[in-house]
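Step one of this worksheet: look at the structure below.
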Amino acid sequence: MTQKDKPLITIVGVLGKQGRSAARTLLQSGRYRVRGLTRRIDSPEALELAEQGAELVRLPLALGYKKEWVEAFRGSEGVFMMTPAIVPPATHEMELGKQLADAAVEAGVRHVIFSSLENVDKITEGKMFAPHFTDKAKIEEYIRTLPVTSSFIYMAFFYTNLIEFYPPRMEGDTLVFPIYLPKDFRAPFVDPLTATGPAVLEIFSNPGQYAGESLPVIGEMISPQEMVDTFTRVTGKKAAYSSAFTREGLLHHFPEFGSNEMLVREILGMVGYAVEYGYFRKDRHLLWSRQINPNSLSWEQFLRTIGTGAIGQ
Ligand SMILES: NC(=O)c1ccc[n+]([C@@H]2O[C@H](COP(=O)([O-])OP(=O)(O)OC[C@H]3O[C@@H](n4cnc5c(N)ncnc54)[C@H](OP(=O)(O)O)[C@@H]3O)[C@@H](O)[C@H]2O)c1
Numbered sequence: 387m388t389q390k391d392k393p394l395i396t397i398v399g400v401l402g403k404q405g406r407s408a409a410r411t412l413l414q415s416g417r418y419r420v421r422g423l424t425r426r427i428d429s430p431e432a433l434e435l436a437e438q439g440a441e442l443v444r445l446p447l448a449l450g451y452k453k454e455w456v457e458a459f460r461g462s463e464g465v466f467m468m469t470p471a472i473v474p475p476a477t478h479e480m481e482l483g484k485q486l487a488d489a490a491v492e493a494g495v496r497h498v499i500f501s502s503l504e505n506v507d508k509i510t511e512g513k514m515f516a517p518h519f520t521d522k523a524k525i526e527e528y529i530r531t532l533p534v535t536s537s538f539i540y541m542a543f544f545y546t547n548l549i550e551f552y553p554p555r556m557e558g559d560t561l562v563f564p565i566y567l568p569k570d571f572r573a574p575f576v577d578p579l580t581a582t583g584p585a586v587l588e589i590f591s592n593p594g595q596y597a598g599e600s601l602p603v604i605g606e607m608i609s610p611q612e613m614v615d616t617f618t619r620v621t622g623k624k625a626a627y628s629s630a631f632t633r634e635g636l637l638h639h640f641p642e643f644g645s646n647e648m649l650v651r652e653i654l655g656m657v658g659y660a661v662e663y664g665y666f667r668k669d670r671h672l673l674w675s676r677q678i679n680p681n682s683l684s685w686e687q688f689l690r691t692i693g694t695g696a697i698g699q
């Protein structure tokens, strides 16, 4: 197959964790051409992807670009789309997702994969507030009404949250991990940088099999205490769990969140939902991502992959 005969997949958010993973895996498969949308077309990450063969288009993930998205999606067999974290009080995630999906349909795309999540509002009958879950579910509902084959992946909590958003701090000789879940509560976690791609490749490769499916992507079910113990075993560093599960715990560790009450409510709503109802609906196929990708990283493998010095500098 010559390069130009390969089906083209366009990736929205191509420099994000999910997007980079999808781009790398699709390119490495040798079966697809990849186009990616980013504002940071000259960044080192963008240049690296371009070197691997991706075509990059300079476009932001913001409202008001539908016409440009239609152009960018043209000629694509598939689109892998995600919506970025929208920090409250901004609330445009749903509108953004709908516009992206509309643009894909208008461009004649055959298969859309959207990175969705559960409808927390519906599952909890309005008791828990987690709009960045529910809005994705509403985008999914909308996409299902469109004349296009669609499939959905549901990413577990990212391992990277413990580095990127809730980083540990040294207290005396101990690295303290402020974690937003109760100490012994096992939750689904995943490495988005290595797990997204295999899921996306599998689905684009078998559109008939996965049409209309919503599939969780999980590395490991693990509790905060197990994560901390594993960290100590892998790195030899003394470490401890500290709760950021309650409002007091969260604001004690991250006082900066205190200036955004909506964000605090959203974080507490999300973790309250995960603990009380389970992160994934009970009927989801929790083993799927491991079956199609036996190399999914456990937390321990993730720590070994990023290097033992990467956390707690
Ligand atoms: N953290 C978790 O545990 C978790 C679990 C499940 C799902 N999720 C969801 O995953 C998504 C994040 O995925 P990710 O980490 O792969 O992506 P990401 O790195 O947050 O974002 C992907 C791309 O989106 C663009 N972007 C980000 N914020 C933007 C903004 N405010 N305005 C315009 N463009 C923006 C950036 O593109 P440029 O290249 O143009 O800069 C970025 O590279 C969120 O929707 C989150 O809710 C997270």
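Everything in the sequence shown is counted per the numbering used here, starting at 387 for the first residue and increasing by one. Idealized CB from N, CA, C, for every residue including glycine.
- Its chain contains L601 as the residues whose beta carbon lies nearer than 6 Å to that of W674, once the 5 sequence neighbours on both sides are disregarded; these appear in chain order.
- Separation of H478 and A516 (C-alpha to C-alpha, rounded to the nearest whole angstrom) is 14 Å.
- Within the same chain, P554, F563, I565, M613 and I697 come within 8 Å of L548 by CB-CB distance, once the 5 residues on both sides are set aside.
- One alpha carbon belongs to Y627, the other to F551, and they sit about 16 Å apart.
- Under the three-state reduction of DSSP, F590 is assigned to helix.
- Nearest to T632 by alpha-carbon distance, out of I608, M387, T618 and Y659, is Y659.
- Around I397, the same chain offers G405, A408, A409, G422 and F466 as residues with beta carbons nearer than 6 Å, after the five sequence neighbours per side are excluded.
- Note on P578: 16 or more other CB atoms within 10 angstroms of its CB, so buried under the neighbour-count rule.
- Between T388 and L412, the alpha-carbon positions lie close to 16 Å from each other.
- Shortest Cα-Cα distance from F543 to any of V586, W455, W685 and V443 involves W685.
- By alpha-carbon distance to R496, the top candidate from I692, K508, S591 and V661 is S591.
- For V473, the secondary structure class from DSSP, reduced to helix, strand or coil, is coil.
- When the alpha-carbon of Y528 is set against those of S502, I589, V506 and Y545, the nearest one is in S502.
- Remark: C-beta atoms of S462 and A493 approach each other more closely than 8 Å.
- When the alpha-carbon of I499 is set against those of Y596, G693 and D615, the nearest one is in Y596.
- With fewer than 16 other Cβ atoms from the protein chains shown falling within 10 Å of its own Cβ, K668 counts as exposed.
- The continuous stretches of alpha helix (DSSP H) do not include M556, which lies in the beta strand (DSSP E) extending over residues R555 to E557.
- When the alpha-carbon of I604 is set against those of T535, P568, S682 and G583, the nearest one is in S682.
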